[in-house]
Structures are given as C-alpha cells and as structure tokens.
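In the working numbering, each residue's number is its place in the sequence shown (first place is 1) plus 1077. In this text, a Cβ means the ideal position worked out from N, Cα and C, and glycines have one as well. Every value quoted in this text rests on a predicted model; they were computed, and no experiment measured them. All remarks here apply to the structure that follows.
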Amino acid sequence: MSGLSLKLRRPLRGSPWRLAGQILLGLALCAWTALAVIAASPEVELPARSSPLVIVGPAAALGAWLAWRPGPHSRELQLAAAWTATVAAALVLAKATSARPEIALAIPAVAVSALVCMRFPGAAVVGLFAISGCFGSLTAFLSFPVGSTVDLVLAGLWAGTAGMLVFRNRGRALLLLPGAVAIGIYLAITTFEILTAPTFSTGLDAFRTSAWYLGAGLLVGHMAWTEASHSRLLHGIAVVSLAIGGYAVLRWSIGPADVERELAVRSAGGYNFLFGELRVIGSFASGHQLGAWTAGVTPFCLALALASKGRLRVLFALAAGLCAFALLASGVRAGLVGVAAGVVLTLMLYQLSRGFKGLHLGVTAGATAAVLIIGAVAVATTTET
C-alpha cells in the first residue's frame, strides 16, 4: 500500500510545478508576441532599436530548449521555439514583402524546395557546390540565374533542416562545436542588423552578402546525414572538384571561349589581365574567383584523399593536384599562403589524429612530394607564359 501511495503522490507533487511553468511560459509567449507585433508594425512609432525584439523570442526559446532538452519542460520549450520562430518569420516576411513584393512569390517556391532538398539532401549540396565552382561558365553560356537558384536551394535546405530539428529530432544529440557556436553568434548578430539598418532592403542585402552564404557551412555540418547519403556526398564533391580543376587546366591550355572572355572583361575589367594577357579564369568570371575557390578546395581535397580509401582517394588526390595547378595558373598569388598553411595543417592533423594510427610517413611524404612537384611545375609553366 505504501508503494502505491508513493506512485500516486509523485504526479501530484510534480504536476503543480509543471502547470505553473506552463502558465508562466504561456504568459511570456503572449507578452513577447504582442511586443513583437507592435515593434514590427509600421503604424506604431517606436525607437528603431526596438525592432530586434522580433528575434529575441526565437533566440531565447531555442537557447532554453537546447539547454534543458532532457528536462521535464523540453516539450513545452520545443513548442515555444516553434511558435516564436513562426511568428518572427511571419513578421520578417511581412516587412520583406513590403520592401520587395517579389519575395511573396518565393514563399511557395521555398516550400517546394524544402521538400525536394530534404528528400535529396546530397544532390542539393553537391548541386550548390557545383554552381559555386562554375557560375561563370553557366552565366556566359546559358545566362543561368545563379544567384536566385542558390538562394532558393539554400532557403529550402534551411527550412527543411529547421523543421526536422524541431519536429523530428526526438532523442538525437545535437553536438555544437566551438566553431559552429562562433558562426551561429555571427549569424545572430548580422540578423539583428537587418532590423536595425536604415532600410529593411539595405539590411537584407548586407545580410545576403556577408552572412547568408557563410551559414551554408553551419547548415551542412548539422544536417542528419545517413551513411549512404554521406558516401554519395563525398563522391559528388570529388567529381565536381575534379571537373572544375580539370576545366581550368583545359582553359589554361586552349584559352577561354569567346563568351567567357567577354564575361571576364565585362565583370572584372583590368583586374583580369596580367602583363597584358587575360588571366586563367577557368569556369569563373575572374582569375581572383578561381584563385579563391581553389585555395579553399585544394587542402580540403587533400585531407579527404588522406582520409579515404580506394577509388575515392584517387579522385580526391587528382582533384587536389588539378586545383593546385589551377590556383597557380590563375596568376593570383594571394591564395598561396592560405594553401600552404592549409596543406601543412592537414598533414599535421593527419599525423597526430587518433583516427589514423601510426606515423604514415610514406603517405605523408608522397602527398608532400606531389604538392611540391605540382607547385614547381605550375610555377615554371605560368612563368613561361
């Protein structure tokens, strides 16, 4: 009987506290919703700095949910995060559509994009990676709307991933590394600046150029990848990197197409010429864009070549070599320092990582020799030209 009485007392003892927490949370949500609507209303004269109230609610609710996910109020905080995010998104979209009416047409397109991207996340990410490496040729040959396409796919990935985290992420641990936290803080700050800009349109443009594309790294890193989709993603990135590097080497050998040359002259003017000759631009609109892209991709491909096996290792090794050659062929030397640091750091981590036991002196020496040989050949050939 005493055991039965204990079982009956526990819900009675806990339920008043839980009910009180639910009431307080509901009152806080009502107060924030009212304040956010007032702050976002153009008819109400409030200080310009009050508009960030729209973002405070989702940030606080999401932070509370992440901090107390295992707690008894996890479900309520999850619903609070979903509610505040929905209200904030509606208010921001209302301001955005008033500043730019064409955004209203993009809302159903983003919904469709979210469904497609969550069904084929690997293809969506590889597609974005491919567009980032050949947007110059796409623009020159096809007049392809690169910017709007990338924005649509990114928005679909964000919407789909956010929905899965809120509604389908039960019991799954969310690991936030220091780098991811730093990027998240930067994204939060730049989001605040949208609402505090002189005009909403100005703030939106600034966010798009400074933070929107940076957030793709945070997004891809925290998507729920399965082993099969992860493997397809790696193969897709290897093939795309190999194709972009190979195309740059081809254009170094035979020169750009007429439409690519016209785009290079129109987009970058004199910056695309070195000693009176057009820089190697590959599939980009300028040599500096080619140099920046290959400077980041070369150490990345080298790292995956060291960590992979079989056919995938060969693909990434070839891609790293071709991208390194393209970087030097572009005549842009600023990326060399970054590539050198990235390669050294990659080799050090490969040697010291617990995931790769042993010294691996042969692989490391081979990778170092390959990089040095490719660099020497590229310097010699670009100097001759």
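Distance between residue j and residue i (C-alpha atoms, nearest Å)
i	j	result
E1339	K1386	42 Å
A1167	I1184	11 Å
C1400	M1195	30 Å
L1229	S1190	7 Å
V1391	A1345	35 Å
L1422	V1316	24 Å
K1084	W1160	For K1084, the predicted model reports a pLDDT of 42, less than 50, meaning its position is unreliable and no value from the coordinates is stated.
L1426	A1418	12 Å
F1284	T1268	7 Å
S1151	M1300	21 Å
S1220	A1397	29 Å
L1139	A1157	8 Å
A1125	V1258	With a pLDDT of only 48 at A1125, under 50, the local geometry of the prediction cannot be trusted, and no value is derived from it.
L1096	A1136	24 Å
A1380	G1347	35 Å
S1082	L1104	Annotation note: pLDDT 41 at S1082 (below 50); position unreliable, no value reported.
S1318	L1106	48 Å
S1278	A1173	7 Å
T1276	A1171	14 Å
A1320	H1312	12 Å
L1264	A1236	16 Å
G1364	L1404	9 Å
V1114	A1188	24 Å
S1079	I1100	With a pLDDT of only 42 at S1079, under the threshold of 50, the placement of this residue in the model should not be trusted; the figure read from the coordinates follows. When rounded, the distance between both Cα atoms is 32 Å.
S1360	A1141	46 Å
N1349	G1322	19 Å
V1223	F1212	6 Å
P1333	R1431	45 Å
G1408	L1327	16 Å
L1175	A1186	A small correction: the amino acid at residue 1175 is Ser; Leu does not occupy that position in the sequence shown. So the two alpha carbons sit approximately 18 Å from each other.
Where the alpha helix (DSSP H) through residue i begins and ends
i	result
I1260	1255 to 1273
R1343	1335 to 1345
P1178	That residue, P1178, is in no alpha helix (DSSP H); it is neither H nor E in DSSP.
T1303	Premise fails: T1303 is in no alpha helix (DSSP H) and is neither H nor E.
V1202	1198 to 1219
G1415	1411 to 1429
T1286	Run containing T1286: none; DSSP gives neither H nor E here.
Selection from the options that minimises the alpha carbon distance to residue i
i	options	result
C1378	L1104, V1416, L1170, F1352	V1416
S1287	E1270, P1185, S1214	E1270
A1165	S1175, L1389, V1131	V1131
A1369	R1410, W1329, F1352	R1410
T1273	A1116, T1110, A1097, W1109	A1116
T1163	M1300, L1367, G1240	G1240
A1372	V1414, L1295, L1106	V1414
L1231	G1294, A1265, P1275	G1294
R1177	G1256, A1113, D1282, S1151	D1282
V1193	S1209, G1233, I1208	G1233
V1169	F1352, G1280, L1383	G1280
L1310	P1275, G1256, L1205	L1205
G1261	G1298, S1278, T1276	G1298
G1412	L1395, V1374, L1429	V1374
L1429	L1395, A1384, L1405	A1384
L1424	D1335, A1403, P1376	P1376
V1133	Q1155, T1110, E1153	T1110
W1329	P1222, F1212, F1402, A1181	F1402
E1354	A1394, A1406, L1154	A1406
E1153	I1314, I1180, G1098	G1098
S1209	E1179, T1238, A1362, A1186	A1362
A1021	I1314, L1296, R1356	Since the displayed the chain opens at 1078 and closes at 1462, residue 1021 lies outside it and no answer follows.
F1393	V1420, I1314, D1335, L1296	I1314
Beta carbon proximity, residue i to chain D, threshold 7 Å
i	result
T1375	Annotation note: the requested chain D is absent from the structure, which comprises a single protein chain.
* Which parts of the region 1360 to 1389 are runs of the alpha helix (DSSP H), unbroken and 4 residues or longer, counting only runs that do not cross its ends? -> 1364 to 1384
* Asked: How do the region 1208 to 1216 and the region 1327 to 1347 stand: do at least 3 beta-carbon pairs fall below 8 Å, yes or no?
  -> yes
* Take every Cβ of the region 1221 to 1235, pair it with every Cβ of the region 1282 to 1298, and state whether three or more of those distances are shorter than 8 Å. => yes
* Segment contact, 8 Å Cβ cut-off, at least three pairs: the region 1197 to 1211 with the region 1298 to 1310 -> yes
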